[in-house]
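Asks: One structure, pasted below without further comment.
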Amino acid sequence: MLLAIFTAAVLASLSTLHFYWALGGQWGIRSAVPQLLERPELRPSALLTSLVGCVLMGLALLALLLNSPEGIRWIRYTGYLVSAGMLLRAIGDFRYVGFFKKVYNSPFALRDTRYFSPLILILSCCFFILSWRVA
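Residue numbers (the working numbering): 1 to 135.
Below you can see the structure in the form of structure tokens.
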């Protein structure tokens with residue numbers, strides 16, 4: 001139960017932050033986007049940022065559903081898929097994100113190495129454990 005609540009709380013917080021950015025908020029945005037030569041590598045639109053916020057909120061709900069006593073098979077498999085996807089994100093694209101990135105001297109890269117990738121790896125483990133526990 002605590003693992004599901006922890007996972008959902010983290011994902012709901014990240015979802016809220018993405019909605020804040022989609023509405024024009026600036027706090028933390030410089031560290032949230034990969035950069036190359038002091039320029040953002042991508043400039044996500046408000047719509048795309050809102051979509052990411054919705055996906056993160058959906059994942060928070062999935063974490064809570066995985067804790068339910070009824071073992072709905074598709075929820076279990078979805079949890080495993082999310083776990084695998086997060087593991088791949090933590091490993092990275094071998095350029096800008098993940099543990100094996102090549103660009104590592106930007107504010108994003110520093111925070112990705114210290115915070116983002118380890119957090120995503122932890123969330124991957126949480127989804128794996130929650131999925132495994134579903135009967």
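Glycine residues also receive a C-beta, built at the ideal position from the N, C-alpha and C atoms.
Any chance you could list the alpha helix (DSSP H) runs of at least 4 consecutive residues sitting entirely within the region 65-127, in chain order?
Replies: Counting whole runs of 4 or more residues, the region 65-127 contains the alpha helix (DSSP H) stretches 73-91, 107-111.
Asks: With distances taken between CB atoms, is the gap from residue 66 to residue 79 smaller than 8 Å?
Replies: It is a contact, given that the beta carbons lie within the stated cut-off.
Asks: In its own chain, which residues sit with a C-beta less than 8 Å from the C-beta of residue 6, not counting the 5 before and 5 after it?
Replies: 126, listed in sequence order.
Asks: Starting from the C-beta of residue 130, find all residues in its chain whose C-beta is less than 8 Å away, skip the five residues before and the five after it, and write them out in chain order.
Replies: Contacts found: 3, 4, 7, 63, 66, 67, 79.
Asks: Tell me the rounded alpha-carbon separation between residue 59 and residue 112.
Replies: The alpha-carbon atoms of residue 59 and residue 112 are separated by roughly 20 Å.
Asks: So, residue 108 versus residue 32, is the Cβ gap smaller than 8 Å?
Replies: Yes.
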